[in-house]
Amino acid sequence: MKKDVWHIGGHELTSRFFIGTGLFPSPYVQKEAIRESGAEVLTFAIRRINLASTEDDSILQHVEGESFRFLPNTSGASTAEEAVRIARLARASGLSDWIKVEISANERTLLPDPLETLKATEILVKEGFTVLPYTSDDPILCKRLEEAGAAAVMPGAAPIGTGLGILNPYNIGLIVEEAKVPIIVDAGLGSVADVAQAMELGVSGVLMNTPVAKAKDPVGMARAMRLAIESGRLSYLSGRISKKRYASASSGQEQFIVK
Amino acid sequence: MQLIVNGEAKELEARTIQDVINHFGLEGRPVVVEAGGEIITKDQWLDMEVRPLMKIELVHFVGGG
Numbered sequence: 003m004k005k006d007v008w009h010i011g012g013h014e015l016t017s018r019f020f021i022g023t024g025l026f027p028s029p030y031v032q033k034e035a036i037r038e039s040g041a042e043v044l045t046f047a048i049r050r051i052n053l054a055s056t057e058d059d060s061i062l063q064h065v066e067g068e069s070f071r072f073l074p075n076t077s078g079a080s081t082a083e084e085a086v087r088i089a090r091l092a093r094a095s096g097l098s099d100w101i102k103v104e105i106s107a108n109e110r111t112l113l114p115d116p117l118e119t120l121k122a123t124e125i126l127v128k129e130g131f132t133v134l135p136y137t138s139d140d141p142i143l144c145k146r147l148e149e150a151g152a153a154a155v156m157p158g159a160a161p162i163g164t165g166l167g168i169l170n171p172y173n174i175g176l177i178v179e180e181a182k183v184p185i186i187v188d189a190g191l192g193s194v195a196d197v198a199q200a201m202e203l204g205v206s207g208v209l210m211n212t213p214v215a216k217a218k219d220p221v222g223m224a225r226a227m228r229l230a231i232e233s234g235r236l237s238y239l240s241g242r243i244s245k246k247r248y249a250s251a252s253s254g255q256e257q258f259i260v261k
Numbered sequence: 053m054q055l056i057v058n059g060e061a062k063e064l065e066a067r068t069i070q071d072v073i074n075h076f077g078l079e080g081r082p083v084v085v086e087a088g089g090e091i092i093t094k095d096q097w098l099d100m101e102v103r104p105l106m107k108i109e110l111v112h113f114v115g116g117g
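Quick note, the sequences are listed as chains A and B, same order. In the numbering used here, each number is its position in the first sequence, counted from 1, plus 2. In the numbering used here, each number is its position in the second sequence, counted from 1, plus 52.
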């Protein structure tokens, strides 16, 4: 079988799992979970350094020496302007010119602001970033982001951290059908069933943090999610049967013994 | 002089950005600096002078999704 690789911004990827680095019970568990996930892309946030503490709480000290690609996000931004500022700070680290545009205007749902997200994407593409906007699951909006130059588009399955799964599989399927760039389902997934469903809908990858980090056993869950991604992907490539209303016997009905 | 570092007024002895970094014990750590709304790259830290009440942001990567 041909190696199933994909590309973002000219960079070849083998794993279809982008894993977040927040909320893990300890750096050790996080490291092990990342290893089990097989992920090549790690997400981060940018925050002010806590000047009251002398301890190094930078996430980078726990992942150094390994060959990951970094995807910082613009979380905390509620406007395009703020997201652009955070993106520039992230790039100034010298670690990555990839940026996940994340602009929330509602504290309770953290749902992305589509207009500001499009605006920020346009600006950051012009500045030479590899832009991966996190957005709502609207097919037209996703198309608009692609046309603005997004390297991949990342519609949410459900609000961040809810674990509700794919609320609108019809939309996700439609987004995939229309897209010419990779579609990554980002946020709202909860279980391997959700992940397999996303992959069977044909998305190129999934981005998860909470469902792994907050599982009872994050390391076990990281592995379970990796297998679900592989399984769902293989199912998508292999082509599932169509749904029928009535039964069809597995052995045919012509040569029954009892007739 | 008084500087606004990460949103807080701080009184410290500093002439350059490098002095500010040293003051907070951040040498060798992965820090990104913004001063007066501009990103200051590491090779500018020694030369970039700070002004009274300058707004300085010292940021880094933390865990996130």
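Cβ atoms here follow ideal geometry from the backbone N, Cα and C, with glycine treated the same way. Please read these numbers as outputs of a predicted model, since none were measured by experiment.
query: Okay, do the stretch 103–120 of chain A and the stretch 73–89 of chain A touch, 3+ Cβ pairs below 8 Å being the bar?; result: yes
query: On the three-pair Cβ rule with 8 Å, is the stretch 82–94 of chain B touching the stretch 21–34 of chain A?; result: no
query: Quick one: what does DSSP say B/LEU64 is sitting in, helix, strand or coil?; result: coil
query: Closer than 9 Å, CB to CB, is A/ARG247 near chain B or not?; result: no
query: Name the chain D residues whose beta carbon is nearer than 8 Å to that of A/THR45?; result: Here the protein chains are A and B, and chain D is not one of them.
query: Is it buried or exposed for A/VAL1, if we count other Cβ within 10 angstroms and need 16 for buried?; result: Residue 1 of chain A lies beyond the range of chain A shown here (3 to 261); nothing can be said about it.
query: Starting from A/MET201 and walking both ways along the alpha helix (DSSP H), at which residues does that stretch end?; result: 194–202
query: Can you give me, in chain order, the residues of the stretch 51–80 of chain A that have a beta carbon less than 8 Å from any beta carbon in chain B?; result: ILE51, LEU53, THR56, ASP58, ASP59, SER60, ILE61, LEU62, PHE72, PRO74, ASN75 and SER77
query: Helix, strand or coil for A/ASN75, going by three-state DSSP, please let me know.; result: strand
query: Considering A/THR137, what are the terminal residues of the beta strand (DSSP E) in which it resides?; result: 132–137
query: In three-state terms, what does DSSP make of B/GLN70?; result: helix
query: List the whole-angstrom C-beta distance separating A/VAL183 from A/ALA200, where the pair is believed to meet the contact cut-off of C-beta under 8 Å.; result: Contact doesn't hold; Cβ gap of about 17 Å is too wide.
query: Using the C-alpha atoms, what's the distance from A/ALA47 back to A/THR132?; result: 16 Å
query: Measure the alpha-carbon distance for A/LEU176 versus A/PRO141 and round it to whole angstroms.; result: 6 Å
query: Looking at A/LEU53 and B/LYS94, is the spacing between their C-beta atoms short of 9 Å?; result: no
query: Helix, strand or coil, according to DSSP, for A/ILE162 in the structure here?; result: coil
query: Which of the three DSSP states, helix, strand or coil, is assigned to A/MET156?; result: strand
query: On the DSSP bridge list, what partners appear for A/MET227?; result: A/MET227 pairs with nothing; no bridge assigned.
query: With a cut-off of 9 Å, does the C-beta of B/GLY59 fall near any C-beta of chain A?; result: yes
query: If you measure beta-carbon to beta-carbon, which residues of the stretch 90–104 of chain B are closer than 7 Å to chain A?; result: ILE91 and THR93
query: Which residues in the same chain as A/GLY151 place their Cβ atom closer than 6 Å to its Cβ, once the five residues preceding and following it in sequence are excluded?; result: VAL127
query: Flag A/GLY22 as yes if its beta-carbon sits less than 9 Å from any beta-carbon of chain B, otherwise no.; result: yes
query: Can the beta-carbon of A/ALA92 be found less than 9 Å from the beta-carbon of A/THR111?; result: no
query: Among A/CYS144, A/GLU179, A/GLY11 and A/SER138, which has the Cα closest to the Cα of A/LEU169?; result: A/SER138
query: Thinking C-beta only, is A/ILE174 closer than 9 Å to A/LEU203?; result: yes
query: How should A/ARG49 be labelled, buried or exposed, when 16 other C-beta atoms within 10 angstroms of its C-beta is the threshold for buried?; result: buried
query: Determine the closest residue to A/ARG1 out of A/ALA41, A/VAL31 and A/HIS13, with distance taken between C-alpha atoms.; result: As shown, chain A starts at 3 and ends at 261. That puts residue 1 of chain A outside it, with no answer to give.
query: Would a C-beta distance cut-off of 9 Å place A/THR16 and A/LEU209 closer than the cut-off?; result: no
query: Residue range of the beta strand (DSSP E) that A/GLY22 falls in?; result: 19–22
query: Counting C-beta neighbours from all protein chains within 10 Å, is the total for B/LYS104 16 or more, i.e. buried, or is it exposed?; result: According to the sequence as given, residue 104 of chain B is Pro; it is not Lys. So B/PRO104 ends up on the exposed side.
query: Taking the CB atoms as reference points, tell me whether A/LEU62 and B/PHE76 lie closer together than 9 Å.; result: no
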